[in-house]
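Letter by letter, the sequence shown follows residues 1 to 292 of full-length UniProt numbering. Structure first, commentary second.
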Amino acid sequence: MVNSMTGFGRAEQTFIGGKLLVEMRTVNHRFLDVHMQLPTSLRHIEQDLLKLIKSRVNRGKFDLKVEIEENRGRLQKLQVNETLYDDYIKTMRRFMKTENVEQKISLDSSLIDLGIIEVVDDESTTNGLEELVLNTSKDALVQLLSMRETEGEYLYGDVYERLLELEQMELKIKGYVPEVETMYRERLESKLSESYRLLDEHDERLHQEIAFLLDKSDITEELTRLHSHRLQFLQTLTEKPPMGRKLEFILQEMNREINTIGSKANHAEISKSVVSFKAELEKLREQAQNIE
């Protein structure tokens, strides 16, 4: 199965304290490179999120963003510092008795200034938030993986068509091999006959030299390896991800073989086919760079 490294996923959930939003996006990269944007209060679950991502994604630049739209009316409450409150009441009563002041002790904004009453987060509205983030992240990840699979199907179709094109070019080059051998033999016999004028045309040394030079220009082995690499590339496309880096390596080997064919053949039509072959290889390389 071919998976693209391009994907996007988005999921949101509401809870007592507000709304949670998780977004994920991936693009091509040689390795798995994860970047997270989390609220400070959720930094402690970063490793859990990383573990989740690594369990399903093998390759690509991965960006994860978690946002919380807080409902401030529900996220906060008043909290009384009992110790300070008791000290405050005792101090006020002692002061009023000492100064002979007769009035009730009032509660005003000074209690907040003194830290006796504080505005704090209401933990009852955020209980289970970590689990909610993880579950929402799983939903977003499902969307992202689905998109990567869909994009992968398009990639596979395009790559498969290009492999068929390479097969036709390969057969075309192979068809010129007998012509190349005949051309080289005639050329070599003519040149070597001049060099070995005193030798009979049936002289063994003459034929050994011709055989040696023909072998150096033979492209049969390169064509065989090129054929093998192409089939291996096709087979790799049916394996489980990750496969992208393996595909890139096979393409490098195919490029090496076609270069050798071009330099050894010294044939106009083969040279044209080599140029076309390399152009298709480059397009395949671009596609392989986006395969997981």
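Here a beta-carbon is modelled for each residue, glycine too, at the ideal position from N, C-alpha and C.
Rounded to whole angstroms, what's the CA-CA distance from residue 5 to residue 44? Just pull it up for me.
-> For the purposes of this step, residue 5 is identified with residue 5 of the sequence shown, where counting begins at 1. For the purposes of this step, residue 44 is identified with residue 44 of the sequence shown, where counting begins at 1. Cα-Cα distance, rounded: 28 Å.
Rounded to whole angstroms, what's the CA-CA distance from residue 292 to residue 36? Just pull it up for me.
-> Counted from its first residue, the sequence shown places residue 292 at position 292. Counted from its first residue, the sequence shown places residue 36 at position 36. Near 20 Å, if we compare the C-alpha coordinates of residue 36 and residue 292.
Identify which residue in 227, 1, 14, 279 has its Cα closest to the Cα of residue 69.
-> In the sequence shown, residue 69 corresponds to position 69, counting from 1. It is 14.
Can you tell me which of 66, 150, 187, 82 puts its alpha carbon nearest to the alpha carbon of residue 129?
-> Counting from one through the sequence shown, the residue named residue 129 turns up at place 129. Of the listed residues, the one whose Cα sits closest to residue 129 is 66.
Pairwise C-alpha distance: residue 146 and residue 154 | Within the sequence shown, the letter at position 154 stands for residue 154. Within the sequence shown, the letter at position 146 stands for residue 146. Cα to Cα, the separation comes out at about 13 Å.
Take every Cβ of the stretch 78 to 86, pair it with every Cβ of the stretch 45 to 55, and state whether three or more of those distances are shorter than 8 Å.
-> no
What are the complete alpha helix (DSSP H) segments, minimum 4 residues, inside the stretch 232 to 270?
-> 244 to 265
Does DSSP put residue 45 in a helix, in a strand, or in coil?
-> Here residue 45 corresponds to residue number 45 of the sequence shown, with the count starting at 1. The answer is helix: DSSP assigns residue 45 an H, G or I state.
Taking the continuous alpha helix (DSSP H) assigned at residue 151, which residues delimit it?
-> Indexing the sequence shown from 1 puts residue 151 at position 151. Taken as a continuous stretch (DSSP letters only), the alpha helix (DSSP H) holding residue 151 covers 129 to 175.
Bridge-paired residues (DSSP) for residue 37 = Translated into positions along the sequence shown, residue 37 becomes position 37. Bridge partners of residue 37: 65.
Return the first residue and the last residue of the alpha helix (DSSP H) that residue 91 is part of.
-> Here residue 91 corresponds to residue number 91 of the sequence shown, with the count starting at 1. Residue 91 -> alpha helix (DSSP H) spans 82 to 98.
For residue 274 and residue 186, the rounded distance between their alpha carbons = Taking the first residue of the sequence shown as position 1, residue 186 is located at position 186. Taking the first residue of the sequence shown as position 1, residue 274 is located at position 274. One Cα belongs to residue 186, the other to residue 274, and the distance between them is close to 24 Å.
State the Cα-Cα distance for the pair residue 290 and residue 29, rounded to the nearest angstrom.
-> What you label residue 290 is simply residue 290 of the sequence shown in a count that begins at 1. What you label residue 29 is simply residue 29 of the sequence shown in a count that begins at 1. Cα-Cα distance, rounded: 8 Å.
Between 96, 84, 136, which lies nearest to residue 115 when the distance is taken from Cα to Cα?
-> The residue you call residue 115 lines up with position 115 of the sequence shown. If we check each option's Cα against that of residue 115, 84 comes out closest.
Per DSSP, which one or two residues make a beta bridge with residue 25?
-> By 1-based counting over the sequence shown, the position of residue 25 is 25. Paired residues: 8, 63.
Is it right to say residue 254 is buried, meaning 16 or more other beta carbons lie within 10 angstroms of its own, or is it exposed?
-> Position 254 of the sequence shown holds residue 254. Per the 10 Å Cβ criterion, buried.
Below 8 Å between beta carbons: does that hold for residue 2 and residue 156?
-> Here the question's residue 2 lines up with position 2 in the sequence shown. Here the question's residue 156 lines up with position 156 in the sequence shown. In this structure, residue 156 lies closer than 8 Å to residue 2 by Cβ.
Could you check if residue 124 is buried or exposed, using at least 16 other CB atoms within 10 Å of its CB as the buried criterion?
-> Start at 1 with the first residue of the sequence shown, and residue 124 comes out as number 124. Low confidence applies here, because residue 124 scores a pLDDT of 48, under 50, leaving its location unreliable; read the following figure in that light. Under this definition residue 124 is an exposed residue.
Between residue 140 and residue 59, is the Cβ-Cβ spacing less than 8 Å?
-> Numbered from its first residue, the sequence shown carries residue 140 at position 140. Numbered from its first residue, the sequence shown carries residue 59 at position 59. No.
Close-in-space but distant-in-sequence residues of the same chain around residue 304 (CB under 6 Å, 5 per side omitted) | A question about residue 304 goes unanswered here, because the residues of the chain that appear run from 1 up to 292.
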